[in-house]
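Peer 1:
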Amino acid sequence: MNIETIAMIGSGVMGRGIAQSAAAAGYQVLLHDTSPTQLQTALHAIEADLEEGIRRNKVTEEEKRRVLQRIGTSDSLHVAASADFVIEAIPEILEWKQELFAHLDAICKADAILATNTSTMSPTQIGAATKSPHRVIAMHFFNPVPRMKLVEIVRGLDTSDETYEATRHVAERMGKETVEVNEYPGFITSRMNCLIGNEAMRMLQEGVASAEDIDKAIKLGLHHPMGPLELADLVGLDARLKNMQYLYEKLGETYRPAPILEKYVAAGRLGRKSGRGFYEY
Numbered sequence: 015m016n017i018e019t020i021a022m023i024g025s026g027v028m029g030r031g032i033a034q035s036a037a038a039a040g041y042q043v044l045l046h047d048t049s050p051t052q053l054q055t056a057l058h059a060i061e062a063d064l065e066e067g068i069r070r071n072k073v074t075e076e077e078k079r080r081v082l083q084r085i086g087t088s089d090s091l092h093v094a095a096s097a098d099f100v101i102e103a104i105p106e107i108l109e110w111k112q113e114l115f116a117h118l119d120a121i122c123k124a125d126a127i128l129a130t131n132t133s134t135m136s137p138t139q140i141g142a143a144t145k146s147p148h149r150v151i152a153m154h155f156f157n158p159v160p161r162m163k164l165v166e167i168v169r170g171l172d173t174s175d176e177t178y179e180a181t182r183h184v185a186e187r188m189g190k191e192t193v194e195v196n197e198y199p200g201f202i203t204s205r206m207n208c209l210i211g212n213e214a215m216r217m218l219q220e221g222v223a224s225a226e227d228i229d230k231a232i233k234l235g236l237h238h239p240m241g242p243l244e245l246a247d248l249v250g251l252d253a254r255l256k257n258m259q260y261l262y263e264k265l266g267e268t269y270r271p272a273p274i275l276e277k278y279v280a281a282g283r284l285g286r287k288s289g290r291g292f293y294e295y
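Residue numbers (my numbering): 15 to 295.
Below is the structure:
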């Protein structure tokens, strides 16, 4: 299957990171969001990240120009109709994803692959909203996408071998390493990350140590590149809470969200994007 055009649905932190990585790999990218303002914000963020790459001698001016040239934007979902491969990165709400995939199934080319960037949810459930679940697959990237090497690939019950192989090829062309994960809530990384992060939040709530010292201990003692609390702030505490609630529903008491997480989200302390979470920004 010849894949040259990728439609990216959602231009938040993950969507714009995937769009940047796809364009850097030579794909033509159609970046969609319902908000024109959000699309401009995404383009500015991509350009700023490329500028940072130039300062660090990781990207050339010519590479920056080519990446930006390959990314088109549209606030109409019909832009996906011409794509060979579609990746969705909208909020982790199953009904929203099912509604989106039903619409994509109706407007996209018959052989286009429909991938979800979900970090926890079932591609079988998402694909059930379509008439062609054989072309639906989970393709879980990590933040910041241009620098994180891993992609988890998860088949749904009806996902075809052709869909899996094409998805793996797209990820590898982007310079990613892939792991194939059997369909189970949270896959590999989200199950582990949510547990570690939730326990760190409980320790903070209990007064075991400060946020800074909890993160420092995990980074230096367990050799993690980021502490669990600063990582949660980066991901977004609202997104982390949605993941925890989903895993709690599917896997039980072990994944009950820490009360402090629920309290912070209710207060609008969502992490980096709101200027305040476990840290102030």
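All C-beta atoms in this analysis are idealised placements derived from N, C-alpha and C, irrespective of residue type, glycine included.
Just so you know, these numbers come straight off a predicted model, no measurement behind them.
Give the C-beta separation of alanine 94 and isoleucine 121 to the nearest angstrom, bearing in mind that I take them to be a contact with Cβ-Cβ under 8 Å.
Peer 2: Within the sequence shown, the letter at position 80 stands for residue 94. Within the sequence shown, the letter at position 107 stands for residue 121. Right, their Cβ atoms sit about 6 Å apart.
Peer 1: In whole angstroms, what separates the C-alpha of leucine 44 from that of serine 88?
Peer 2: Position 30 of the sequence shown, counted from the first residue, corresponds to residue 44. Position 74 of the sequence shown, counted from the first residue, corresponds to residue 88. Taking the straight line from one Cα to the other gives about 7 Å.
Peer 1: Just to check my reading of the structure: proline 199 and leucine 261 have Cβ atoms closer than 8 Å, yes? What is that Cβ distance to the nearest angstrom?
Peer 2: Locating residue 199 in the sequence shown gives position 185, counting from the first residue. Locating residue 261 in the sequence shown gives position 247, counting from the first residue. Their Cβ separation, rounded to whole angstroms, is 6 Å, which keeps proline 199 and leucine 261 in contact under 8 Å.
Peer 1: Between which two residues does the alpha helix (DSSP H) carrying alanine 231 extend?
Peer 2: By 1-based counting over the sequence shown, the position of residue 231 is 217. Note, alanine 231: alpha helix (DSSP H), 225-236.
Peer 1: Kindly indicate which residue of Leu284, Thr132, Gly241 has the alpha-carbon position closest to the one of glutamate 213.
Peer 2: On the sequence shown, residue 213 is found 199 positions in, with the first residue counted as 1. Considering only alpha carbons, the answer is Gly241.
Peer 1: When you compare the CB positions of leucine 164 and threonine 144, do they come within less than 9 Å of one another, or not?
Peer 2: Stepping through the sequence shown from its first residue, residue 164 is reached at position 150. Stepping through the sequence shown from its first residue, residue 144 is reached at position 130. The answer is no: Cβ separation not under 9 Å.
Peer 1: Enumerate, from N- to C-terminal direction, the unbroken alpha helix (DSSP H) stretches of 4 or more residues contained entirely within the stretch 81-127.
Peer 2: Those alpha helix (DSSP H) runs which fall completely within the stretch 81-127 and span 4+ residues are 108-121.
Peer 1: Take leucine 248 as the anchor and find which of Val27, Glu66, Gly221 has the nearest alpha-carbon.
Peer 2: As a working note, residue 248 is residue 234 in the sequence shown. With distances taken between Cα atoms, leucine 248 lies closest to Val27.
Peer 1: Let me check one thing: in DSSP terms, what residues is arginine 30 bridge-paired to?
Peer 2: Along the sequence shown, one-based indexing puts residue 30 at 16. The partner list for arginine 30 (beta bridge, DSSP) is empty, contrary to what the question assumes.
Peer 1: Would you mind working out which of Lys123, Gly31, Ala246 sits nearest threonine 19, comparing C-alpha positions?
Peer 2: Stepping through the sequence shown from its first residue, residue 19 is reached at position 5. Among Lys123, Gly31, Ala246, the Cα nearest to that of threonine 19 is on Lys123.
Peer 1: Cβ atoms of arginine 84 and glycine 40: under 9 Å apart, would you say?
Peer 2: Walking along the sequence shown from the start, residue 40 turns up at place 26. Walking along the sequence shown from the start, residue 84 turns up at place 70. Result yes, Cβ atoms of glycine 40 and arginine 84 sit closer than 9 Å.
Peer 1: Enumerate, from N- to C-terminal direction, the unbroken alpha helix (DSSP H) stretches of 4 or more residues contained entirely within the stretch 145-230.
Peer 2: 175-187, 203-220
Peer 1: What number of angstroms, rounded off, separates the C-alpha of arginine 290 from the C-alpha of arginine 283?
Peer 2: Translated into the one-based positions of the sequence shown, residue 290 becomes position 276. Translated into the one-based positions of the sequence shown, residue 283 becomes position 269. It is roughly 5 Å from the alpha-carbon of arginine 290 to the alpha-carbon of arginine 283.
Peer 1: How about valine 168 and asparagine 196: are their beta carbons less than 9 Å apart?
Peer 2: By one-based count along the sequence shown, residue 168 stands at place 154. By one-based count along the sequence shown, residue 196 stands at place 182. Against a cut-off of 9 Å, the Cβ pair of asparagine 196 and valine 168 comes out as a contact.
Peer 1: Assuming the contact rule is C-beta atoms closer than 8 Å, arginine 149 and threonine 130 should be a hit. Round their C-beta distance to whole Å, please.
Peer 2: Here the question's residue 149 lines up with position 135 in the sequence shown. Here the question's residue 130 lines up with position 116 in the sequence shown. Not quite, the Cβ-Cβ distance comes to about 12 Å (not below 8 Å), so this is no contact.
Peer 1: Ignore the nearest five residues each way along the sequence and tell me which others in isoleucine 210's own chain have a CB closer than 7 Å to its CB.
Peer 2: Looking up residue 210 in the sequence shown gives position 196. The residues are Pro242.
Peer 1: Classify histidine 58 as buried or exposed, calling it buried when 16 or more other Cβ atoms lie within 10 Å of its own Cβ.
Peer 2: By 1-based counting over the sequence shown, the position of residue 58 is 44. Burial call: exposed.
Peer 1: Tell me, which residues are paired with alanine 21 by DSSP?
Peer 2: In the sequence shown, residue 21 corresponds to position 7, counting from 1. Looking at the DSSP assignment, alanine 21 forms a beta bridge with Leu44, Val100.
Peer 1: Relative to the C-alpha of aspartate 252, which candidate in Lys277, Thr173, Ile151 has its C-alpha closest?
Peer 2: Within the sequence shown, the letter at position 238 stands for residue 252. Ranking the options by Cα distance to aspartate 252, first place goes to Lys277.
Peer 1: Under 9 Å between the Cβ atoms of isoleucine 151 and threonine 192?
Peer 2: On the sequence shown, position 137 is the one that residue 151 refers to. On the sequence shown, position 178 is the one that residue 192 refers to. No.
Peer 1: In angstroms, rounded to a whole number, what distance separates the CA positions of leucine 218 and valine 279?
Peer 2: Here residue 218 corresponds to residue number 204 of the sequence shown, with the count starting at 1. Here residue 279 corresponds to residue number 265 of the sequence shown, with the count starting at 1. Distance between the alpha carbons of leucine 218 and valine 279: 16 Å.
Peer 1: Sorted by chain position, which residues of the same chain lie with C-beta nearer than 8 Å to aspartate 172's C-beta, five sequence neighbours on each side aside?
Peer 2: Position 158 of the sequence shown holds residue 172. Closer than 8 Å at Cβ, skipping near neighbours: Thr138, Gly141, Pro147, His148, Val150.
Peer 1: Once the 5 residues before and after methionine 162 are set aside, which same chain residues still bring their CB inside 6 Å of it?
Peer 2: As a working note, residue 162 is residue 148 in the sequence shown. Cβ within range, chain order: Phe156.
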